[in-house]
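Residue 116 in the numbering used here sits at position 123 of the sequence shown, with consecutive numbering throughout.
Here the structure is laid out as structure tokens; the discussion comes afterwards.
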Amino acid sequence: MDITHRHYAGTLQGLVVLLGFSLTGFLGYALYADQQRLITQEFNQEYLLRVDSFKQSVLNRLATLHSLAVLFETQPNVTKPLFKKVAAELIAHHPDIQALEWAPRVEHVNRLPFEQGGLNHHSHFSITERHPSGTMQYATERSEYYPIQFVEPIYNNEIVLGFDLLSDSHRKSTIQASRDLALPLATSSLKLVQDPKGHSAFLAMRPVYLDRPITVLEKRARILGFVVGVFKVQALLAQSKLGKNEGDMAFTIKDVTEQTPQELHVEGTLEAGIPPVIVWIEVWGRDWQISATPSSQFIASRTSAMPYIVLVIGFLSTILTVLYVRLLYRKQLAIAQAVRAKTYELDKANAQLQVLTQVDGLTQVSNRRFFDLQLQKEFRRAARIASPISLLVVDIDYFKEYNDRYGHIMGDECLRSVAQALNALAKRPCDVFARIGGEEFVFILPDTERVDSLCDQCLEVVQGLKIRHEGSDASKFVSVSIGGAVMRPSSHESAEIALNHADRAMYTAKENGRNCAHVVNLVKPNSPQVPMSIVD
């Protein structure tokens, strides 16, 4: 009887130990796996946020080339002082830009006059190229050249003056593709002639044409040159959250556009055995791959000893397993709540970042990017339901003269005042008011065919600001010229049609004496144009 009882007790004890060890081992492993999943999730969210910050940093810097290109598209002969002034203002906003340059197209027959003209600004100026040994030499004869004529800042960049971009294979292929496609493009990774340290860098090139060529042959014949931005990857990283690394992640940036990837930057060492998180970003025709893994420091700071404690407690006493599982549940619940709170904060930060990318930093109204998105959206909607849509382009009269007379600080204040006054007139939720250029603003007015009253309000509200403008021939106060286009689009028409008509109408208003509005009605059957009277 006793032996039977002892045998039964031993069997039961063995079952309890077996079940206790099995359950403890299972729970310990499950907790560890869940912890690793939460760590991976947190890392992925943080990494994507940092990569997005880096992407915005790069695109914001590249956007400066569009601003600089406007100078050469609107000015027939840009002088060195004018280029220096405009480029310096852009670099002041983005000091991490290595240099902004202008490389005109110079045919061989014009090489000597071009070099002689460069000697007016520099004691030693010629079209040069890099010798295989690394030194600069007089460029060999070619049918055409793209030498650097202007560069800002000149300090530490003197060596690039006269350097022919076509003499380098990396730059040559990018220049030819950008010219023929009429697209801004970036080069692959290269070593700068002005950087003896050999940091990874790239050039971004934006073509500038005479008029608007259509065919490839026209583009090659009418190319004026290229606005060039020089960027160091390390400098761009430093201005983003990705570059402000505290040792919690290791990442590499590679250019994978071609078959042989180019390594642009390495931060730390990718952890072996951990699959890297990979994100691709497009940088003006180049595909960049960013791979990252959490560092051991990141994992250790978020890894607790709880799974091991569970094992120890389970091995010591299976009776406490149930109680401890309940404790684990509560602990996991607290961890999950903390993750949800963190996720909410990240989503909120992402939403705020999205708003920032759609607001003009100077005037605090919608920017060109938001305008382009809304115009396409409202134009497609108007075409789909056959409803009217109106655009008003508003341009401040003699604003360059205002800047020259009162200075850029007062000019910025004038832009802010005019923008806020006009923005208040966009009262419907569907109305959009945005700044699309230096002193140029635009209204998108869905479901609107009559804009005469709004034009009058715009003219009156700007005059009502009473901003003195002694350099204006239109009024003693700051005034605006307004161009409007009203249309009922069809599915085969593009939004650019309405914008082009509104822009041309604005120039008509300027030709009519400024401080007035000119509206073009494109609704079929065409209504006569309704010029509006000048408002004093």
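Even for Gly, the Cβ is constructed at its ideal location relative to N, Cα and C.
Is residue i helix, strand or coil when you go by DSSP?
i: residue 391; result: coil
i: residue 206; result: coil
i: residue 106; result: helix
i: residue 112; result: coil
i: residue 517; result: coil
i: residue 270; result: strand
i: residue 12; result: helix
i: residue 481; result: coil
i: residue 421; result: coil
i: residue 461; result: strand
i: residue 235; result: coil
i: residue 443; result: coil
i: residue 7; result: helix
i: residue 126; result: coil
i: residue 21; result: helix
i: residue 265; result: coil
i: residue 33; result: helix
i: residue 57; result: helix
i: residue 67; result: helix
i: residue 336; result: helix
i: residue 318; result: For residue 318, the pLDDT reaches just 49, beneath the cut-off of 50, and the residue's location in the model is therefore unreliable, although a value from the coordinates is still provided. In the structure shown, residue 318 sits in a helix (DSSP, three-state: H, G or I).
Which partner residues does residue i have in the DSSP bridge list?
i: residue 138; result: 99
i: residue 121; result: 131 and 156
i: residue 256; result: 247
i: residue 275; result: 280
i: residue 242; result: 287
i: residue 216; result: 202
i: residue 475; result: 387 and 510
i: residue 143; result: 95
i: residue 222; result: 93 and 197
i: residue 470; result: 461
Pull up the CB-CB distance for residue i and residue j, whole angstroms please, since I reckon it's below 8 Å.
i: residue 139; j: residue 96; result: 4 Å
i: residue 414; j: residue 455; result: 6 Å
i: residue 57; j: residue 24; result: Incorrect: roughly 51 Å between the Cβ atoms, too far for contact.
i: residue 178; j: residue 198; result: 6 Å
i: residue 296; j: residue 382; result: That belief does not hold up - the Cβ atoms of residue 296 and residue 382 are roughly 57 Å apart, past 8 Å.
i: residue 395; j: residue 471; result: 7 Å
i: residue 428; j: residue 496; result: About 15 Å separates the two Cβ atoms, so there is no contact after all.
i: residue 509; j: residue 477; result: So it is not a contact: roughly 11 Å between Cβ atoms.
i: residue 418; j: residue 450; result: 6 Å
i: residue 279; j: residue 193; result: Not confirmed; about 13 Å, so no contact.
What are the boundary residues of the beta strand (DSSP E) that residue i is part of?
i: residue 194; result: 194 to 202
i: residue 183; result: Unbroken run through residue 183: none, as it is neither H nor E.
i: residue 426; result: 425 to 428
i: residue 514; result: 510 to 514
i: residue 151; result: Neither: residue 151 is in no beta strand (DSSP E) and is coded neither H nor E.
Looking at the secondary structure, which residues open and close the alpha helix (DSSP H) in which residue i lies?
i: residue 300; result: 299 to 309
i: residue 439; result: It is not in any alpha helix (DSSP H) - residue 439 instead sits in the beta strand (DSSP E) that spans 433 to 439.
i: residue 73; result: 73 to 86
i: residue 558; result: The requested residue 558 does not occur in the structure, where the chain is confined to residues -6 to 529.
i: residue 495; result: 488 to 504
i: residue 406; result: 401 to 416
If we cut at 8 Å on Cβ distances, does residue i have a partner in chain B?
i: residue 301; result: Here there is only one protein chain, and chain B is not present.
Task: Complete runs of the beta strand (DSSP E) confined to the region 349 to 390 [at least 3 residues] - done: Runs found: 382 to 389.
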